[in-house]
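Enquirer:
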């Protein structure tokens with residue numbers, strides 16, 4: 205895998221979540237993150253920088269692109285409820301960054317779950333399906349759905365206890 209692919213894999217979901225917190229649109233957030241990666245690719249020298257500099261560059265680029273999007277939106281008066289970039293303070297930005305990191309880690313850990321657990325969690329939590337619907341769709345018993353969900357939650361809980369142990 206190339207360095208761009210590795211960086212993309214590591215940061216894409218986190219950056220999408222970060223951009224979403226500004227734009228309130230998943231599609232716009234994805235576009236902004238893609239633009240940020242294009243800017244990164246155009247700045248070839250960035251790949252020689254330490255990981256922390258690269259991470260900072262990506263988050264700053266996404267923040268600036270999100271601000272630009274919000275300014276354009278404000279001028280065209282398409283959506284009045286969105287936060288104006290000038291009103292976002294450092295605490296909001298830090299909170300958004302932390303939340304994006306946590307959600308990114310959750311997605312990453314979810315992808316590491318065994319196939320059955322992963323699929324069942326996605327159906328229950330992302331598609332808002334009931335146990336019965338999942339059981340019918342997968343042609344398994346409701347108890348199997350519940351067991352796989354519990355197994356997934358137990359795995360995720362243990363991973364996140366490790367992830368957040370620095371707070372204790």
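Residue numbers (this note's numbering): 205 to 372. Heads up, the beta-carbon is just placed ideally off N, CA and C, and yes, glycines get one too. In this text the structure is predicted, and so the values were computed from the model without any measurement.
Does the segment 231-250 come close enough to the segment 327-346 to have 3 or more Cβ pairs within less than 8 Å?
Expert: With a cut-off of 8 Å, the segment 327-346 and the segment 231-250 do not count as touching, because too few Cβ pairs lie within range.
Enquirer: Within its chain, find whatever has a CB closer than 7 Å to the CB of residue 262; leave out the 5 residues flanking it on each side and keep chain order.
Expert: Indexing the chain shown from 1 puts residue 262 at position 58. Closer than 7 Å at Cβ, skipping near neighbours: 215, 219, 240 and 244.
Enquirer: Apart from the five residues on each side of it in sequence, which residues of its chain come closer than 7 Å, Cβ to Cβ, to residue 222?
Expert: By 1-based counting over the chain shown, the position of residue 222 is 18. Taken in chain order, the residues that qualify are 263, 266, 300, 301 and 304.
Enquirer: Can you tell me which of 357, 338, 339 and 341 puts its alpha carbon nearest to the alpha carbon of residue 316?
Expert: For the purposes of this step, residue 316 is identified with residue 112 of the chain shown, where counting begins at 1. The option with the nearest alpha carbon to residue 316 is 357.
Enquirer: Just how far apart, CA to CA, sit residue 322 and residue 298?
Expert: The count along the chain shown starts at 1 and reaches residue 322 at position 118. The count along the chain shown starts at 1 and reaches residue 298 at position 94. Answer to the nearest angstrom: the Cα atoms are 30 Å apart.
Enquirer: Which residues bound the alpha helix (DSSP H) around residue 334?
Expert: The count along the chain shown starts at 1 and reaches residue 334 at position 130. Premise fails: residue 334 is in no alpha helix (DSSP H) and is neither H nor E.
Enquirer: From residue 308 to residue 213, what distance separates their C-alpha atoms?
Expert: On the chain shown, residue 308 is found 104 positions in, with the first residue counted as 1. On the chain shown, residue 213 is found 9 positions in, with the first residue counted as 1. One C-alpha to the other measures close to 11 Å.
Enquirer: Could you compute how far the alpha carbon of residue 234 sits from the alpha carbon of residue 269?
Expert: Residue 234 sits at position 30 when you count from the first residue of the chain shown. Residue 269 sits at position 65 when you count from the first residue of the chain shown. Taking the straight line from one Cα to the other gives about 11 Å.
Enquirer: May I ask you to report which of helix, strand or coil DSSP gives residue 318?
Expert: As a working mapping, residue 318 is identified with position 114 in the chain shown. The answer is coil: DSSP assigns residue 318 none of H, G, I, E or B.
Enquirer: Taking only the alpha-carbon atoms, compute the straight-line gap between residue 246 and residue 208 and give it to the nearest angstrom.
Expert: As a working note, residue 246 is residue 42 in the chain shown. As a working note, residue 208 is residue 4 in the chain shown. So the two alpha carbons sit approximately 11 Å from each other.
Enquirer: Drop a sphere of 10 angstroms on the beta-carbon of residue 338, count the other beta-carbons inside from all chains shown, and report buried for 16 or more, exposed for fewer.
Expert: Mapped onto the chain shown, residue 338 falls at position 134. By the neighbour-count rule (16 or more Cβ atoms within 10 Å), residue 338 is buried.
Enquirer: Determine the direct distance from the alpha carbon of residue 352 to that of residue 253, and round the result to whole angstroms.
Expert: Start at 1 with the first residue of the chain shown, and residue 253 comes out as number 49. Start at 1 with the first residue of the chain shown, and residue 352 comes out as number 148. Each residue's alpha carbon lies about 42 Å from the other.
Enquirer: Considering Cα atoms alone, identify which of 313, 275, 344 and 255 is closest to residue 365.
Expert: Here residue 365 refers to the residue found at position 161 of the chain shown. The shortest C-alpha separation from residue 365 is found at 313.
Enquirer: Considering only residues of the same chain and omitting the five flanking positions on each side of residue 273, which have a CB-CB separation below 7 Å?
Expert: As a first step, residue 273 must be located in the chain shown, where it is residue number 69. Around residue 273: 227, 232 and 236.
Enquirer: Enumerate in chain order the residues of its own chain whose CB-to-CB distance from residue 355 is below 6 Å, with the five nearest sequence positions on each side excluded.
Expert: Here the question's residue 355 lines up with position 151 in the chain shown. Answer for residue 355: 321, listed in chain order.
Enquirer: Is the CB-CB distance between residue 250 and residue 256 below 8 Å?
Expert: Mapped onto the chain shown, residue 250 falls at position 46. Mapped onto the chain shown, residue 256 falls at position 52. It is not a contact, given that the beta carbons lie outside the stated cut-off.
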